[in-house]
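>
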Amino acid sequence: MEAAAEPGNLAGVRHIILVLSGKGGVGKSTISTELALALRHAGKKVGILDVDLCGPSIPRMLGAQGRAVHQCDRGWAPVFLDREQSISLMSVGFLLEKPDEAVVWRGPKKNALIKQFVSDVAWGELDYLVVDTPPGTSDEHMATIEALRPYQPLGALVVTTPQAVSVGDVRRELTFCRKTGLRVMGIVENMSGFTCPHCTECTSVFSRGGGEELAQLAGVPFLGSVPLDPALLRTLEEGHDFIQEFPGSPAFAALTSIAQKILDATPACLP
Amino acid sequence: MEEVPHDCPGADSAQAGRGASCQGCPNQRLCASGAGATPDPAIEEIKEKMKTVKHKILVLSGKGGVGKSTFSAHLAHGLAEDENTQIALLDIDICGPSIPKIMGLEGEQVHQSGSGWSPVYVEDNLGVMSVGFLLSSPDDAVIWRGPKKNGMIKQFLRDVDWGEVDYLIVDTPPGTSDEHLSVVQYLAAAHIDGAVIITTPQEVSLQDVRKEINFCRKVKLPIIGVVENMSGFICPKCKKESQIFPPTTGGAELMCQDLEVPLLGRVPLDPLIGIQEFCNLHQSKEENLISS
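Protein chains in written order, with our numbering: chain R, 41 to 311; chain P, 2 to 293.
(1) Sort out for me which residues DSSP pairs His56 of chain P with in a bridge.
(2) Determine the direct distance from the alpha carbon of Met101 of chain R to that of Leu249 of chain P, and round the result to whole angstroms.
(3) Counting only C-beta atoms, is Gln203 of chain P closer than 7 Å to chain R at any point?
(4) With respect to the alpha helix (DSSP H) encompassing Asn151 of chain P, which residues constitute its N-terminal and C-terminal limits?
(5) Just curious, the beta strand (DSSP E) that Glu141 of chain R is in, first and last residue?
(6) Relative to the C-alpha of Lys55 of chain P, which candidate in P:Gly233, P:Gln87, P:Asp83 and P:Ala77 has its C-alpha closest?
(7) Under 7 Å between C-beta atoms, does Ile245 of chain P make it to chain R?
(8) Which word fits Leu257 of chain R, buried or exposed, when buried means at least 16 other C-beta atoms lie within 10 angstroms of its C-beta?
(9) Leaving aside the five residues before and after Val210 of chain R along the sequence, list all residues of the same chain whose C-beta is less than 7 Å from its C-beta, in chain order.
(10) Using the C-alpha atoms, what's the distance from Arg267 of chain P back to Leu23 of chain R?
(11) Distance check for Glu180 of chain P and Gln244 of chain P, CA to CA, integer angstroms please.
(12) Thr200 of chain P: which of P:Leu255, P:Glu107, P:Gln24 and P:Asn28 sits nearest, CA to CA?
(13) Please compile the residues from chain R whose C-beta is within a distance smaller than 9 Å of the C-beta of Ala43 of chain P.
(14) Would you mind giving the Cβ-Cβ distance between Ile43 of chain P and Tyr187 of chain P, rounded to the nearest angstrom? I have them listed as a contact below 8 Å.
(15) Secondary structure at Met182 of chain R, three-state DSSP: helix, strand or coil?
(16) Rounded to a whole number of angstroms, what is the C-alpha to C-alpha distance between Val78 of chain R and Lys84 of chain R?
(17) Nearest to Phe286 of chain R by alpha carbon, out of R:Lys301, R:Arg189, R:Pro190 and R:Pro270?
(18) At a CB distance below 9 Å, what residues from the stretch 269–280 of chain R approach chain P? Give them in sequence order.
(19) Select from R:Cys94, R:Leu295, R:Ile88 and R:Phe292 the residue whose C-alpha is nearest the C-alpha of Pro118 of chain R.
(20) Can you tell me where the beta strand (DSSP E) holding Asn151 of chain R begins and where it ends?
(21) Specify the secondary structure class of Val132 of chain R as computed by DSSP and reduced to three states.
(22) Return the residue from the list P:Lys238, P:Pro247, P:Val227 and P:Pro237 that minimises the CA-CA distance to Gln1 of chain P.
(23) For Leu214 of chain R, which residues in the same chain have their Cβ closer than 6 Å to its Cβ, ignoring the five residues on either side in sequence?
(24) At the level of alpha carbons, what is the spacing between Leu276 of chain R and Lys219 of chain R?
(25) Give the secondary structure of Arg123 of chain R by DSSP, where H, G and I count as helix, E and B as strand, and everything else as coil.
(26) Residue ranges of each alpha helix (DSSP H) run of no fewer than 4 residues wholly in the stretch 185–241 of chain P, ordered along the chain?
(27) For the beta strand (DSSP E) that contains Val210 of chain R, what are its first and last residues?
(28) Within the stretch 67–133 of chain P, note down every full beta strand (DSSP E) run reaching 3 residues or more, in order along the chain.
(29) Please classify Gly288 of chain R as buried or exposed, where buried requires at least 16 neighbouring CB atoms within 10 angstroms.
(30) Based on DSSP bridge pairs, tell me the residues matched to Thr235 of chain R.
(31) Could you pull out every residue in the same chain whose Cβ sits closer than 7 Å to the Cβ of Met153 of chain P, ignoring the five residues on either side in sequence?
(32) Please confirm if Val292 of chain R has its CB atom under 7 Å from at least one CB of chain P.
(33) Can you confirm whether Ile198 of chain P, when its beta carbon is compared against all beta carbons of chain R, has any partner nearer than 7 Å?
(34) Name, in chain order, the residues that DSSP records as bridge partners for Phe262 of chain R.
Quick look at the structure:
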């Protein structure tokens, strides 16, 4: 019997994936949300844990703002987004009295809440738990990895945008993964080009190629490039299911391909 | 100091760290040792140091990736166009220091002299400091918890020999956490002119920026205004405008009206054209606000 932490609320979670970046604003929450939706459309039961305490974006992206969190006998019940309970979410966003309230906490208090989020949310049976993180390599990241370590996360999906200023921060994030023993499942390059709706010219708004070059340099898999897609951005604003509603959109192919690579990289579980 | 339990006896009371409500509070040990009762001496030291700095502006957002560093860098360059104005750019994003790359100063090192650390000068009248200059490789990760980051920020404010400066621009990381609390706390006695808050038009940014505005109000930091970045994209081929980041909830304009903060301007996703014009506009607005 393993001498790790008692099983607790993560006992029924088969695979844990962290979504990281060193850089802010590259689309971690977007990729976390779309990956979760794509995995669910592939028939998996998925949970999303949003540990960005200062800027919790995921409730809005899934149309769940204002939902309340309830206590159950095993701790906090996550917010279920569908009747079938195939996709669930926990975020500090649900715990704020007012949505514009700032969470102005120093490290130790953030660490304490993250530990609670990891141990006290009654996730039940899940195929995947996708953990969305804030930018950086600091308290939240260390607390999350320490709390999840006994449950052996599958690895990290690292998100970048093509330009040098993002790649520069993401190189540091890869070092962080190496130092903390977190396997990098691969790099996703987001915001890879924008196709002008007027003339269909594709412009590399945020430069090009950085994500793939970084993957080669660092010796990690390159999972794909996701273009800037106005349909995707709109559904995130409105809290709809992009994967279901826009199968013809440019970003759809990229996102479903990334999800498939995650499915292929997931080891089969014993029943 | 962190947020404390509801029935906190007070950091400088006799019961500090010893009361029943202190159990489990992260500050308990600090309070019990009596450290909470005395202010950090660095605050006075920084006040002295900052006497040679006329204006201090923080560039904030709640959101990552909206262009704080890009804006800070271009504002610094814009203000430094006047050779008689001395500009200092301080990057307190400890985990993701972007300023060296944006300013073309990667690989530069910081030197120490008798009067402290020397900033890296990109022009005679524009000095820069960032943790990026202290790292020996682009792969080096700064994996520090809050207290160590705070210590670095204290050093940047107290130990850098800025000299006589007209404008100190402080670029910050996203969020409302250690770095933000520390820079406001350490500059408390030295008077910050105010904050420029950067956003992009879409709601996923605005919802974080509203929190940042509330943070500023909570810590009594004046808000100079909001800049909406990545506001529209001009196609280089057909020259028509599209909204890559759609302002589905009214963009920064409506948010600024609702929260009664000035909208300083919009910068399109075409930095070569937009930023320089904007800097000139902003500089005159800044000077008007400061002189009034």
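Idealized CB from N, CA, C, for every residue including glycine.
The answer reads as follows:
(1) When beta bridges are read from the DSSP output, His56 of chain P appears opposite P:Tyr168.
(2) The displayed chain sequence assigns Thr, not Leu, to residue 249 of chain P. Thr249 of chain P and Met101 of chain R: Cα-Cα distance of roughly 13 Å.
(3) Yes - at least one Cβ of chain R is within 7 Å of the one on Gln203 of chain P.
(4) First-last of the alpha helix (DSSP H) with Asn151 of chain P: Gly147 to Asp160.
(5) Counting along the chain, Glu141 of chain R falls outside any beta strand (DSSP E), and DSSP gives it neither H nor E.
(6) P:Gln87
(7) yes
(8) exposed
(9) Ser61, Gly62, Lys63, Val198, Thr200 and Leu254
(10) The structure shown does not extend to residue 23 of chain R, since chain R spans only 41 to 311, so no value can be given for it.
(11) 33 Å
(12) P:Leu255
(13) Ordered by position in chain R, no residue passes the 9 Å Cβ test against Ala43 of chain P, which lies about 17 Å from the chain.
(14) For the record, residue 43 of chain P in the displayed sequence is Ala; it is not Ile. At roughly 6 Å, the Cβ-Cβ gap stays under 8 Å, so Ala43 of chain P and Tyr187 of chain P are in contact.
(15) helix
(16) Per the sequence shown, the amino acid found at residue 78 of chain R is Ala instead of Val. When the Cα atoms are used, Ala78 of chain R and Lys84 of chain R turn out to be separated by approximately 9 Å.
(17) R:Pro270
(18) Pro270, Leu273, Arg274, Leu276, Glu277 and Glu278
(19) R:Ile88
(20) Element bounds for Asn151 of chain R: not the beta strand (DSSP E) but the alpha helix (DSSP H), Gly147 to Asp160.
(21) helix
(22) This structure leaves residue 1 of chain P out entirely; chain P is present only between 2 and 293.
(23) Ala258
(24) 33 Å
(25) In the structure shown, Arg123 of chain R sits in coil (DSSP, three-state: anything other than H, G, I, E or B).
(26) 204–219
(27) No beta strand (DSSP E) holds Val210 of chain R; the alpha helix (DSSP H) holding it covers Ala204 to Thr220.
(28) 88–92, 112–114, 117–119, 121–124 and 127–131
(29) exposed
(30) R:Cys242
(31) Ile95 and Val132
(32) It is worth fixing the name first, because residue 292 of chain R is Phe in this sequence and not Val. Not one chain P Cβ lies under 7 Å of Phe292 of chain R.
(33) It does not; no Cβ of chain R falls within 7 Å.
(34) R:Ile227
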